[in-house]
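S.K.:
Numbering (our numbering), first residue to last: 5 to 802.
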């Protein structure tokens, strides 16, 4: 019963408790050697995130220019970043503070590398020069010139106790620099396109270079000889050696146990492993279905033996070397517009999001880990989930709707999300979709071709999900005169409703597909429609800035809710059908109480259109998401706030009773302090009057009690400020001015001007008292003198 009453409590208060936001908008990605932090660029800023939890640690504010590259010390203490402003910045990763900034080159820095001892950083610039800097002291140790173009790759190398740098540029040359003699000791020429990656073998004798000319060259850099050229058959963006690890190499086959293995990645979107000696392909990752991304960089995380591939669609895909390049984790860097969301799983532990992308994104709500579901060829526009959360359907611009089996408890990554079929038949984008509510027996789709289709899912086998499954469409109807924006199925599975840009919402019979009724009244397109969970009514939201509730018996409008200042894009029922939640183009989420037509709460944490809403089953959380790429989690704190309010009232009653007890006992110290803490000036005034009027004969105190005089002399600065403010207010009323001036007299008599200056608002309070002193205050000279002293002291302090 307690749970039921809690559920039916009208919701009036929500707070934003969590957000999923973009962390990466392209450019360089760095992961610390201890695999603790992921460091990414977000426009002009740098985001530092805990790799395991997804929790944002720092947002390092940039200098209004795009960050061009960055590198982190192997010891993890400092980050070095460069931007188009031509400045190098050193960041302390313990505090997130910028500790040094200096101009480095005459053109932007394109590449950067830090030596293994965490002492030096080498920067390669568009001005064709390479500079080496002492990171901690901030001065340049080397200025290396010789390339004839933009520096595009750079790598430190320690060999036989000496330090070298290998560099590559868009002049197609690889150069080796001796840092001891500050000279170029080798120019290696063979590539015919820009050099994109350089690395040295474990024994230090061989250098590999990868280029956009689709080959990897193996150099004996000391002999300045090209030892081998391996065709990779793709435009390369990165190359690098794996750690010499016999056990790890053995996982790919015994013949690789002693091999030097290097990786490549580029425009094929695949991470590949190769043998240095033979140039044979050891292993390539499994292609992501229907993926069109390319890889711009790979970060080798030695501690976890993982390769993190950075894609051009701003995702970071983690491939485990111990599991033969199986994808183990995905981090979504950028979401673009979030157009639809839905909770998934038995306990709503995950959130599916459609984000102007062909991949469905499934977030773990707690850790913010994300899975990408590949299958569609074009952008997903809409999605829906089954009642049990085990089936999800996505509708896309590729004219199809896809079914997905969701098994979040399965430890096998590949089995957690499986494509379970495709609905093919529409001739235009599928913009709306809804699954049956009682069972997974059918679904309805609506398309830009203005038709609705009923798909029979009775023979869908989720135990043995098959991507080749093709549900049959049992009927197709021309439904509206313009695009269909929304479809919803009634809780009893007997009816479904559609909403369209033609300004109408329509009710249909599920079994026959016949039109039951039309709801006319909106002045703009209908964006969303939802059935009440308990009543025979339908809620619709529209571009005319309103939400309407319609009777499903006679299709009349029962109520209209006005309050949004722009199109209302989503609506849903709350609190057993007694409330509504709506989201609009004005960036606001509003909660409405249906009975009173009032807006009970406005949730404001978006900067652009709010396209999507999802309510958790227990209604403890509402999720909103939109064009600002932000997903907000709103927690219902109504009960908590009511309990806090009740607690405050109870505490107040107890304190008021205590105050009366103190006054009865003539315990003036505690009475005055309690009245001040309760902020009850009228009670305080009554207390001072009582003391003043009960003055014993022969008493020489100012207030009528030596104890009260003493209390006033010992008040804290905070309480003194509060009391002086009350005195100023009392003094404006002739009835209270005698008490006000008596208390003021006691304060002035027991506090020096220096003490009063400590009060932040002393000058304003004293000046506020001056206009009334000529009538009421018998010691006007003291007050004016005190005011002048305060004024003078304040001026002197300035």
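Ideal placement from N, C-alpha and C gives every residue a C-beta, glycine not left out.
Given the structure is predicted, the values throughout are model-derived calculations rather than measurements.
Assess, as a yes-or-no matter, whether the stretch 634-646 is touched by the stretch 35-48 under the definition of 3 or more beta carbon pairs within less than 8 angstroms.
M.R.: No contact exists between the stretch 35-48 and the stretch 634-646.
S.K.: Give the straight-line distance between the Cα atoms of residue 654 and residue 607, rounded to the nearest whole angstrom.
M.R.: The alpha-carbon atoms of residue 654 and residue 607 are separated by roughly 29 angstroms.
S.K.: At what residue ranges does the stretch 206-259 contain a whole run of the beta strand (DSSP E), taking only runs of 3 or more?
M.R.: The stretch 206-259 contains these whole beta strand (DSSP E) runs: 210-215, 219-224, 229-235, 240-245.
S.K.: Given 8 angstroms as the limit, is there contact between the stretch 282-292 and the stretch 244-252, that is, 3 or more CB pairs closer than that?
M.R.: Segments in contact, no.
S.K.: Got a sec? Which residues, its chain only, sit under 7 angstroms from residue 175 by beta carbon, not counting five neighbours each side?
M.R.: Result list for residue 175: 151, 152, 153, in chain order.
S.K.: If you count every other CB in all the chains shown that lies within 10 Å of the CB of residue 112, and 16 or more means buried, which is it?
M.R.: Answer is buried; the Cβ neighbour count reaches 16.
S.K.: I'd like to know if the stretch 436-451 and the stretch 360-378 are in contact, where contact means that at least 3 CB-CB pairs between them fall below 8 angstroms.
M.R.: Because the criterion of three Cβ pairs below 8 angstroms is not met, the stretch 436-451 and the stretch 360-378 do not touch.
S.K.: For residue 541, collect the residues of the same chain with a Cβ closer than 7 angstroms to its Cβ; drop the 5 residues on either side in sequence, then sort them by chain order.
M.R.: Same-chain partners within the cutoff: 553, 554, 555, 556, 562.
S.K.: Pick from 139, 448, 350: whose alpha carbon is nearest that of residue 622?
M.R.: For residue 622, the nearest C-alpha among the options comes from 350.
S.K.: Give the list of continuous beta strand (DSSP E) stretches no shorter than 3 residues that lie fully inside the stretch 369-397.
M.R.: The stretch 369-397 contains these whole beta strand (DSSP E) runs: 374-377, 384-389.
S.K.: Considering Cα atoms alone, identify which of 90, 170, 478, 202 is closest to residue 191.
M.R.: The shortest Cα separation from residue 191 among 90, 170, 478, 202 belongs to 170.
S.K.: Along the chain, where does the alpha helix (DSSP H) containing residue 696 start, and where does it finish?
M.R.: 685-697 is the extent of the alpha helix (DSSP H) around residue 696.
S.K.: Taking three-plus beta-carbon pairs below 8 angstroms as touching, is the stretch 524-540 in contact with the stretch 489-498?
M.R.: Short answer: they touch.
S.K.: Please classify residue 424 as buried or exposed, where buried requires at least 16 neighbouring CB atoms within 10 angstroms.
M.R.: Residue 424 should be labelled buried.
S.K.: Just to confirm, are residue 531 and residue 343 a CB contact at a threshold of 8 angstroms?
M.R.: Not in contact: residue 531 and residue 343 (Cβ atoms no closer than 8 angstroms).
S.K.: Just curious, the alpha helix (DSSP H) that residue 741 is in, first and last residue?
M.R.: Run containing residue 741: 741-754, per the alpha helix (DSSP H) assignment.
S.K.: Are any of the Cβ atoms in chain C nearer than 8 angstroms to that of residue 449?
M.R.: Looking for chain C here will not work: only one protein chain is present.
S.K.: Spatial neighbours of residue 78 within its chain, please: C-beta separation below 6 angstroms, excluding the five flanking residues on both sides.
M.R.: Only 37, 120, 122 meet the Cβ criterion.
S.K.: Could you check where the alpha helix (DSSP H) with residue 338 kicks off and where it finishes?
M.R.: Element bounds for residue 338: n/a, residue is neither H nor E.
S.K.: Looking only at its chain, what residues have a beta carbon closer than 7 angstroms to the beta carbon of residue 55, apart from the 5 residues adjacent to it on each side?
M.R.: Cβ neighbours of residue 55 beyond the five flanking positions: 35, 39, 40, 41, 42.
S.K.: By a C-beta neighbour count over all protein chains shown, 10 Å radius and 16 as the cutoff for buried, is residue 779 buried or exposed?
M.R.: Reliability of the predicted coordinates at residue 779 is poor, the pLDDT of 40 falling under 50, and no value is obtained from them.
S.K.: Give me, in chain order, the residues of the same chain whose beta-carbon lies closer than 6 angstroms to that of residue 193; leave out the 5 immediate sequence neighbours on both sides.
M.R.: Excluding positions up to five away in sequence, the list reads 177.
S.K.: Could you give the DSSP three-state label for residue 464: helix, strand or coil?
M.R.: In the structure shown, residue 464 sits in coil (DSSP, three-state: anything other than H, G, I, E or B).
S.K.: Going by alpha carbons, who is nearest to residue 519 out of 346, 219, 456, 149?
M.R.: Among 346, 219, 456, 149, the Cα nearest to that of residue 519 is on 456.
S.K.: Which one of 155, 181, 149 has the shortest CA to CA distance from residue 161?
M.R.: For the residues 155, 181, 149, the minimum Cα distance to residue 161 belongs to 181.
S.K.: Rounded to the nearest angstrom, what separates residue 776 and residue 720 at their Cα positions?
M.R.: Residue placement at residue 776 is flagged as unreliable, the pLDDT there being 46, under the threshold of 50; a coordinate-derived value is accordingly withheld.
S.K.: Alpha carbons only, please: which of 625, 500, 529 is nearest the one belonging to residue 515?
M.R.: Of the candidates 625, 500, 529, the one whose C-alpha sits nearest the C-alpha of residue 515 is 500.
S.K.: Taking its Cβ as the centre, do 16 or more other Cβ atoms sit within 10 Å of residue 221, making it buried, or is it exposed?
M.R.: It is buried - the Cβ of residue 221 has at least 16 other Cβ atoms within 10 Å.
S.K.: Suppose contacts are defined by Cβ-Cβ distances below 8 angstroms. Is residue 270 in contact with residue 241 by that definition?
M.R.: Their beta carbons are under 8 angstroms apart, which means residue 270 touches residue 241 by this criterion.
S.K.: What number of angstroms, rounded off, separates the C-alpha of residue 657 from the C-alpha of residue 665?
M.R.: Each residue's Cα considered, the two are about 12 angstroms apart.
S.K.: If you measure between the beta carbons of residue 2 and residue 134, is that distance less than 8 angstroms?
M.R.: A query on residue 2 cannot be resolved here, the shown segment of the chain reaching from 5 to 802 and no further.
S.K.: Are the CB atoms of residue 571 and residue 594 within a distance shorter than 8 angstroms?
M.R.: No, Cβ-Cβ distance for residue 594 and residue 571 is not below 8 angstroms.
S.K.: Quick one: what does DSSP say residue 776 is sitting in, helix, strand or coil?
M.R.: Here residue 776 scores only 46 on pLDDT, less than 50, and its place in the model should not be relied on; the value that follows carries that caveat. Residue 776 falls in the helix class under three-state DSSP.
S.K.: Short check: CB of residue 803 to CB of residue 718, under 8 angstroms?
M.R.: Residue 803 lies beyond the residue range present for the chain, which begins at 5 and ends at 802; the question has no answer from this structure.
S.K.: Check this for me: beta carbons of residue 320 and residue 299, under 8 angstroms apart or not?
M.R.: Contact flag unset, no.
S.K.: So which of 366, 512, 207, 358 has the shortest CA-CA distance to residue 382?
M.R.: Comparing Cα positions, the closest option is 358.
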